[in-house]
Amino acid sequence: MQVDMSDLSPEEQWRVEHARMHAKHRGHEAMHAEMVLILIATLVVAQLLLVQWKQRHPRSYNMVTLFQMWVVPLYFTVKLHWWRFLVIWILFSAVTAFVTFRATRKPLVQTTPRLVYKWFLLIYKISYATGIVGYMAVMFTLFGLNLLFKIKPEDAMDFGISLLFYGLYYGVLERDFAEMCADYMASTIGFYSESGMPTKHLSDSVCAVCGQQIFVDVSEEGIIENTYRLSCNHVFHEFCIRGWCIVGKKQTCPYCKEKVDLKRMFSNPWERPHVMYGQLLDWLRYLVAWQPVIIGLVQGINYILGLE
Numbered sequence: 001m002q003v004d005m006s007d008l009s010p011e012e013q014w015r016v017e018h019a020r021m022h023a024k025h026r027g028h029e030a031m032h033a034e035m036v037l038i039l040i041a042t043l044v045v046a047q048l049l050l051v052q053w054k055q056r057h058p059r060s061y062n063m064v065t066l067f068q069m070w071v072v073p074l075y076f077t078v079k080l081h082w083w084r085f086l087v088i089w090i091l092f093s094a095v096t097a098f099v100t101f102r103a104t105r106k107p108l109v110q111t112t113p114r115l116v117y118k119w120f121l122l123i124y125k126i127s128y129a130t131g132i133v134g135y136m137a138v139m140f141t142l143f144g145l146n147l148l149f150k151i152k153p154e155d156a157m158d159f160g161i162s163l164l165f166y167g168l169y170y171g172v173l174e175r176d177f178a179e180m181c182a183d184y185m186a187s188t189i190g191f192y193s194e195s196g197m198p199t200k201h202l203s204d205s206v207c208a209v210c211g212q213q214i215f216v217d218v219s220e221e222g223i224i225e226n227t228y229r230l231s232c233n234h235v236f237h238e239f240c241i242r243g244w245c246i247v248g249k250k251q252t253c254p255y256c257k258e259k260v261d262l263k264r265m266f267s268n269p270w271e272r273p274h275v276m277y278g279q280l281l282d283w284l285r286y287l288v289a290w291q292p293v294i295i296g297l298v299q300g301i302n303y304i305l306g307l308e
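Shown next, in the form of structure tokens:
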């Protein structure tokens with residue numbers, strides 16, 4: 001019996017489509033169980049391969065992951081006509097491309113490290129604040145507080161989820177770009193080598209992150225900026241070492257590679273959430289970059305095997 005969908009309300013149309021889907025897939029329980037097994041097996045195998053790739057070839061893994069995170073949302077943006085996101089994506093990409101270009105030049109201009117860390121620290125703070133506001137908007141909607149401002153639940157939830165997405169996505173993206181730029185700049189300056197010994201000897205009056213002179217002693221209060229001494233006794237500009245650890249995702253000394261005690265560096269309890277936020281962004285990288293690829297692979301396997 002044919003049903004004229006145009007005469008039905010949206011809710012009734014959804015129910016009819018739902019009933020048709022159930023009728024179509026009735027008796028396919030064995031097929032569905034096979035599809036679930038394929039999904040689980042693909043997730044396990046993909047996770048093992050990604051872990052091995054990251055451990056054996058971290059540079060190529062990070063570059064491919066960064067490229068996917070940068071490009072994959074663009075496909076959905078154009079497909080779903082999210083023009084606001086596209087405009088912000090283009091602006092972010094243009095400025096980040098310029099900053100990355102400056103960071104990879106040899107010889108390195110003296111002002112470049114500060115420019116790089118200031119840009120990515122700015123994006124980090126904006127993404128952090130945006131994510132917090134988005135999370136609060138979602139929670140307020142769940143508790144019904146949006147009604148106090150006469151805002152529809154669907155509008156409030158869309159607003160919160162959009163801000164949460166913007167904050168988390170650009171937070172992940174800027175940290176990976178910052179890590180890549182930090183590696184290039186530190187290797188160019190010569191006090192840091194990802195593998196092996198540094199090419200220059202570090203004196204107490206030079207910051208290994210930016211390569212510039214340190215004019216304020218650790219025990220003194222600086223007018224523009226203070227200095228910071230790690231547990232390995234190497235001294236840095238406070239802005240530089242914080243940018244190296246927070247934005248550049250490094251947890252070792254830029255010179256001797258000794259482990260940095262982040263709890264000691266962020267003794268202020270208000271600053272410690274930044275560390276947890278950074279760990280959350282690292283976890284979301286896998287979700288943004290590789291989850292669509294794995295789901296696409298699962299769908300391809302199901303198509304080849306004739307499963308639906």
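Just so we're aligned, residue 1 is where the sequence shown starts under full-length UniProt numbering, counting upward by one. Built from N, CA and C at the ideal position, the CB exists for glycine as well. Since we're looking at a predicted model, the values are computed, not measured.
PHE236: first and last residue of the uninterrupted beta strand (DSSP E) it sits in: PHE236 -> beta strand (DSSP E) spans 235-237.
Simplified DSSP assignment, three categories, for VAL109: VAL109 falls in the coil class under three-state DSSP.
Cross-strand partners of THR100 (DSSP beta bridge): THR100 pairs with nothing; no bridge assigned.
Beta-carbon spacing of THR96, PHE177 below 7 Å: For THR96 and PHE177, yes; Cβs fall inside 7 Å.
Chain B contact for MET63 (CB, 7 Å cutoff): As a matter of chain content, chain B is missing from the structure shown, which is built from one protein chain.
Classification of TRP119 by the beta-carbon crowding that lies within 10 angstroms, buried from 16 upward: Buried.
N- and C-terminal bounds of the beta strand (DSSP E) containing THR227: Counting along the chain, the unbroken beta strand (DSSP E) around THR227 starts and ends at 227-229.
Residue environment, ASP183, which counts as buried when at least 16 other CB atoms sit within 10 Å: ASP183 is buried by the Cβ-count criterion.
For GLN212, three-class secondary structure by DSSP: Under the three-state reduction of DSSP output, GLN212 falls in the coil class, being neither helix nor strand.
Alpha-carbon spacing of THR100 relative to GLY144, whole angstroms: Here the alpha carbon of THR100 sits roughly 44 Å from the alpha carbon of GLY144.
Element boundaries [alpha helix (DSSP H), containing GLY306]: Here GLY306 belongs to no alpha helix (DSSP H), and DSSP marks it neither H nor E.
Candidates TYR128, LEU168 and ALA137: closest to MET69 by CA position: It is LEU168.
Where LYS259 sits in the DSSP three-state scheme: Three-state DSSP puts LYS259 in a strand.
Residues sharing a beta bridge with THR252, DSSP: THR252 is bridged to LYS259.
Alpha-carbon spacing of MET139 relative to VAL72, whole angstroms: The C-alpha of MET139 lies about 28 Å from the C-alpha of VAL72.
Check whether VAL209 and CYS240 have beta carbons under 7 Å apart: Yes, these two residues count as a Cβ contact at 7 Å.
Limits of the unbroken alpha helix (DSSP H) element including ILE189: That run of the alpha helix (DSSP H) goes 153-189.
From LEU305, GLN213 and VAL298, residue whose alpha carbon lies closest to that of GLN46: Per the sequence shown, the amino acid found at residue 46 is Ala instead of Gln. Here the closest residue by C-alpha is VAL298.
Member of LEU74, LEU164, GLN13 and PRO107 whose CA lies at the smallest distance from the CA of SER93: If you compare the alpha carbons of LEU74, LEU164, GLN13 and PRO107 with that of SER93, the shortest gap goes to LEU74.
Beta-carbon contacts of THR42 that lie in its chain and below 8 Å, excluding the five residues immediately before and after: Counting only Cβ-Cβ distances below 8 Å, and skipping sequence neighbours, we find ILE294, LEU297, VAL298 and ILE301.
Bounding residues of the alpha helix (DSSP H) (the contiguous stretch that carries VAL206): Here VAL206 belongs to no alpha helix (DSSP H), and DSSP marks it neither H nor E.
Alpha carbon of PRO107 to alpha carbon of GLN52, nearest angstrom: Between PRO107 and GLN52, the C-alpha separation is close to 35 Å.
Exposure of CYS232, with buried meaning 16 or more beta-carbon neighbours within 10 Å: Label assigned to CYS232: exposed.
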